[in-house]
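Visitor:
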Amino acid sequence: MNYELNPVSDSVAKIECSEAANTLKVTIDLRENRERKGDHILVKLFTETDDATPGKKYYNEATATISRYGGQQQPQETKTVTYKAQAKRAGWGAEGEGEEGFGNIALKKQVVGIAPEPNLTYKFDVSCEGQEKKRIELKSGQHQYVNRIPKGKQCVVTEVDPPVIDGASAVVSYQIDGQKLNTAEFTVRNKETVYVEAVNTYTSPATKIVIRKKIDENGQQMLDSGWVFAVEAQGGDLKQHSKQTTNADGEATWNLAHDSMKLASLKISEDVNSKEGFAFKSATCQVKEKADDPQGRVVTLQDVYGEITEIKPGSTVECEFLNQKIHGAVTWHKHDSAGQLLSGAEWLLTEPNSNELRISDCIAEKEENCVGPDKDPKGGQFRVEKLPLGNYKLSETLAPAGYLLDATEHSFKIEAGSSVVDLGAFKNVKVVAPRIPLTGGLGRETFLYGGALLLGLGVVLIGKSVVRSRAAR
Numbered sequence: 112m113n114y115e116l117n118p119v120s121d122s123v124a125k126i127e128c129s130e131a132a133n134t135l136k137v138t139i140d141l142r143e144n145r146e147r148k149g150d151h152i153l154v155k156l157f158t159e160t161d162d163a164t165p166g167k168k169y170y171n172e173a174t175a176t177i178s179r180y181g182g183q184q185q186p187q188e189t190k191t192v193t194y195k196a197q198a199k200r201a202g203w204g205a206e207g208e209g210e211e212g213f214g215n216i217a218l219k220k221q222v223v224g225i226a227p228e229p230n231l232t233y234k235f236d237v238s239c240e241g242q243e244k245k246r247i248e249l250k251s252g253q254h255q256y257v258n259r260i261p262k263g264k265q266c267v268v269t270e271v272d273p274p275v276i277d278g279a280s281a282v283v284s285y286q287i288d289g290q291k292l293n294t295a296e297f298t299v300r301n302k303e304t305v306y307v308e309a310v311n312t313y314t315s316p317a318t319k320i321v322i323r324k325k326i327d328e329n330g331q332q333m334l335d336s337g338w339v340f341a342v343e344a345q346g347g348d349l350k351q352h353s354k355q356t357t358n359a360d361g362e363a364t365w366n367l368a369h370d371s372m373k374l375a376s377l378k379i380s381e382d383v384n385s386k387e388g389f390a391f392k393s394a395t396c397q398v399k400e401k402a403d404d405p406q407g408r409v410v411t412l413q414d415v416y417g418e419i420t421e422i423k424p425g426s427t428v429e430c431e432f433l434n435q436k437i438h439g440a441v442t443w444h445k446h447d448s449a450g451q452l453l454s455g456a457e458w459l460l461t462e463p464n465s466n467e468l469r470i471s472d473c474i475a476e477k478e479e480n481c482v483g484p485d486k487d488p489k490g491g492q493f494r495v496e497k498l499p500l501g502n503y504k505l506s507e508t509l510a511p512a513g514y515l516l517d518a519t520e521h522s523f524k525i526e527a528g529s530s531v532v533d534l535g536a537f538k539n540v541k542v543v544a545p546r547i548p549l550t551g552g553l554g555r556e557t558f559l560y561g562g563a564l565l566l567g568l569g570v571v572l573i574g575k576s577v578v579r580s581r582a583a584r
C-alpha cells in the first residue's frame, strides 16, 4: 500500500502512516482550529499493478474508524465506516457502458518471435451459439470488436491457417481476460467485454552445421577422425559445445538456434595441433537455405580460420576441410675408397609404422624413368621421396659388385621443418682376391714338380701318336 500525502501544516492536522500495518491515521485538533469548521478528511486509494489486461476491474475496500474526543482525553464517540470503490482498466477502444442482456468480444492480434510483417493479414473465425460465424481479418497489433452477443452464449475464436514466415510455423495461443490458454472458448457476460488476444509465436528453424575432415594422401582423399574444430555464432546459440572432434565418419556437427528470425554468422576454425604431420590444403563451405537447393552459396576459406555471414534460419552449412600429409625426402650416395660412385647397391628402409621398403639403385637417362622408390637416375646416388614424418632406419642388403656389404644401420628422422634429409656418403670396401703363396718351401716345389711332370707326359703322348701314324703308312 502506497500513500501519497499532500503537505499539511502541523498546526492543522497530524498525519501518521504505517505501510507495514497498512494504516493511515489523521488527527485534527479542533480546540485550536475551531474556525476551520467544515474541514474534511479525504482519503484516495490507488491500485498499482503490472497486469495490463484490458477492461479488467479492480475493487478497493477501506475501513475508517472515526473518533470524536470533544475536548476529552478519551473518545466520546467512535464509529466504523466501510468504503468500497471500483476501478476498470481501459480497453482497446471506446466501449460505452454496455447494453443490458448483451456482451461484446474484443479480438486483438499479436506476433512474437519475429518482426511482424506490416502487410500480412491474419484471419479468424468467431463462432457463438445460435449466431452466424463471423470472419475477422487483422494485422499484427490491430483489434476489432464483435458487439451485441446475447449474454450466456458460448463462443469460440479460431485462427484460420496461421501463415508460415521464412519457413517458421506459428504456435498460436490465446489470452482471455489476461489468462493464457491454448484455445479461445468462453461465455459472454452481461454488459461486459471479453478480451481475446491471439498470440502467434514464431520460433525460427535451427541451422545445421556439418564439418567434414579429409586427408589427401598421394592424391587419394580419405575422411579422418580425431580433428578438433571450433564454431562461434553470432545471432544465435549453439546447442552443442563450441568445440567438437570429428567422429569415425570424419564429421563434427552443431545445431544453431537463431535469435528470433535474425540472420546469423559463424566463425569456424581448425585446431592445427590436432594431429602432427599435416598441412592445410583447402577449405570450402556450402550454405543451402533450402534442402532442395542443388548448389547453394559457396564460401572459400583461405586458411584454417574463416567466417560465414548472412545465414538464414533453417539453412544447412556444410564445410569440407582438406589437409595433406607433410612429406619429406632422404638422399645418400655410395662410393669407394677413392670417392668414385658405386652403382648397383640395394637397401632396406624401415618406416615409422614398421613397414619395410626395398630400394634398388635406379640407373636411367632421366628421373621420369625411375619407377621404383629411388628417384635419382644416376647410379650410386639415391633419393626416396614422399616419406611421412617419423623415425626411419636404413641398411644395405646388397653391395655393389666387387665390394663388401656395409652392415651399418643408419637412423634418421623426417621432421616438419626439414623437407630433405641428406645422409651423405656411404663407403664400400673392394673385395681383394686371395694371393697364391710362391715364397719357396714345400708349397713352391710341389707346383714346380707337378708342372714338369705334366709337361713330360704331354711329350710322351705326342711321340707315340707320331710313331703310330708312320707305321700305318
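Per this note's numbering, the sequence shown starts with residue 112, numbered consecutively.
Where is the CB? At the ideal position from N, CA and C, for every residue including glycine.
Counting along the chain, where does the beta strand (DSSP E) carrying residue 457 start and finish?
Guide: Taking the sequence shown and counting its residues from 1, one reaches residue 457 at position 346. Taken as a continuous stretch (DSSP letters only), the beta strand (DSSP E) holding residue 457 covers 457-461.
Visitor: May I ask you to report which of helix, strand or coil DSSP gives residue 421?
Guide: Stepping through the sequence shown from its first residue, residue 421 is reached at position 310. Correct three-state label for residue 421: strand.
Visitor: To the nearest whole angstrom, what separates the beta carbons of residue 189 and residue 174, a pair I think is in contact under 8 Å?
Guide: Residue numbering aside, residue 189 sits at position 78 when the sequence shown is read from its first letter. Residue numbering aside, residue 174 sits at position 63 when the sequence shown is read from its first letter. At roughly 13 Å, the Cβ-Cβ gap does not stay under 8 Å, so residue 189 and residue 174 are not in contact.
Visitor: Find the nearest neighbour of residue 387 within the set 438, 349 and 184, judged by alpha-carbon distance.
Guide: Numbered from 1 along the sequence shown, position 276 holds the residue referred to as residue 387. Checked all of 438, 349 and 184; the closest Cα to residue 387 is 438.
Visitor: Report, in whole angstroms, the separation of the C-beta atoms of residue 397 and residue 415, which I expect to be a contact under 8 Å.
Guide: Along the sequence shown, one-based indexing puts residue 397 at 286. Along the sequence shown, one-based indexing puts residue 415 at 304. Not quite, the Cβ-Cβ distance comes to about 18 Å (not below 8 Å), so this is no contact.
Visitor: Please list the terminal residues of the continuous beta strand (DSSP E) segment that includes residue 501.
Guide: In the sequence shown, the residue the question calls residue 501 occupies position 390. Residue 501 -> beta strand (DSSP E) spans 501-509.
Visitor: With 16 other CB atoms within 10 Å as the buried threshold, where does residue 369 fall?
Guide: Against the sequence shown, residue 369 aligns to sequence position 258. The residue in question, residue 369, is buried, as its Cβ has 16 or more Cβ neighbours within 10 Å.
Visitor: Considering only their Cβ atoms, is the gap separating residue 357 from residue 335 smaller than 8 Å?
Guide: Counted from its first residue, the sequence shown places residue 335 at position 224. Counted from its first residue, the sequence shown places residue 357 at position 246. In contact: residue 335 and residue 357 (Cβ atoms closer than 8 Å).
Visitor: Would you kindly work out how many angstroms separate the C-alpha atoms of residue 317 and residue 441, rounded to a whole number?
Guide: Here residue 317 refers to the residue found at position 206 when the sequence shown is read from its first residue. Here residue 441 refers to the residue found at position 330 when the sequence shown is read from its first residue. Straight-line Cα distance between these residues: approximately 52 Å.
Visitor: Apply the 10 Å Cβ neighbour rule to residue 233 and answer buried if 16 or more other Cβ atoms are within range, or exposed otherwise.
Guide: Stepping through the sequence shown from its first residue, residue 233 is reached at position 122. Per the 10 Å Cβ criterion, buried.
Visitor: Are residue 245 and residue 214 close, meaning C-beta to C-beta below 8 Å?
Guide: As a first step, residue 245 is located in the sequence shown; it is residue number 134 there, counting from the start. As a first step, residue 214 is located in the sequence shown; it is residue number 103 there, counting from the start. No. Outside cutoff.
Visitor: Check whether the stretch 426-435 touches the stretch 505-525, taking contact to mean three or more Cβ pairs, one atom from each stretch, closer than 8 Å.
Guide: With the cut-off at 8 Å, the stretch 426-435 and the stretch 505-525 do not touch.
Visitor: Are residue 223 and residue 312 closer than 8 Å when you measure CB to CB?
Guide: The count along the sequence shown starts at 1 and reaches residue 223 at position 112. The count along the sequence shown starts at 1 and reaches residue 312 at position 201. Yes, they are a contact pair.
Visitor: Out of curiosity, what's the CA-to-CA distance linking residue 552 and residue 485?
Guide: The sequence position of residue 552 within the sequence shown is 441, counting from 1. The sequence position of residue 485 within the sequence shown is 374, counting from 1. Confidence in residue 552 is poor, its pLDDT being 47 and thus under 50, which makes the residue's placement too unreliable to answer from.
Visitor: Going by Cα to Cα distance, which pick from 461, 465, 532 and 502 is closest to residue 493?
Guide: Here residue 493 refers to the residue found at position 382 of the sequence shown. The residue with the shortest Cα to Cα distance from residue 493 is 532.
Visitor: Note down the Cα distance separating residue 130 from residue 293, rounded to an integer number of angstroms.
Guide: One-based indexing of the sequence shown puts residue 130 at position 19. One-based indexing of the sequence shown puts residue 293 at position 182. In a straight line, the C-alpha of residue 130 is about 40 Å away from that of residue 293.
Visitor: Only counting the same chain, and skipping five residues up and downstream in sequence, which positions put a Cβ closer than 7 Å to that of residue 471?
Guide: Locating residue 471 in the sequence shown gives position 360, where the first residue counts as 1. The residues are 457, 483 and 485.
Visitor: Check each candidate in 285, 296 and 279 and name the one with the smallest Cα separation from residue 265.
Guide: The residue you call residue 265 lines up with position 154 of the sequence shown. Of the candidates 285, 296 and 279, the one whose C-alpha sits nearest the C-alpha of residue 265 is 296.
Visitor: Taking the CB atoms as reference points, tell me whether residue 299 and residue 288 lie closer together than 8 Å.
Guide: One-based indexing of the sequence shown puts residue 299 at position 188. One-based indexing of the sequence shown puts residue 288 at position 177. The answer is no: Cβ separation not under 8 Å.
Visitor: So, at 8 Å on beta carbons, what are the nonlocal neighbours of residue 463 in its own chain, with the 5 sequence-adjacent residues on each side left out?
Guide: Numbered from its first residue, the sequence shown carries residue 463 at position 352. 499, 500, 501, 502 and 503, listed in sequence order.
Visitor: What is the DSSP secondary structure of residue 293, counted as helix, strand or coil?
Guide: Indexing the sequence shown from 1 puts residue 293 at position 182. Looking at residue 293 - three-state DSSP - the assignment turns out to be coil, as it is neither helix nor strand.
Visitor: Going by Cα to Cα distance, which pick from 184, 404, 279 and 193 is closest to residue 172?
Guide: If you number the sequence shown from 1, residue 172 lands on position 61. Cα-wise, what sits closest to residue 172 is 193.
Visitor: At 3 residues or longer, and completely inside the stretch 255-288: list those beta strand (DSSP E) runs for me, N to C.
Guide: Here the runs fully enclosed are 265-271 and 281-287.
Visitor: Considering only residues of the stretch 313-341, which uninterrupted beta strand (DSSP E) runs meet the minimum length of 3 residues and lie entirely inside it, listed in chain order?
Guide: Taking only runs of at least 3 residues, the beta strand (DSSP E) segments lying wholly in the stretch 313-341 are 318-328 and 331-334.
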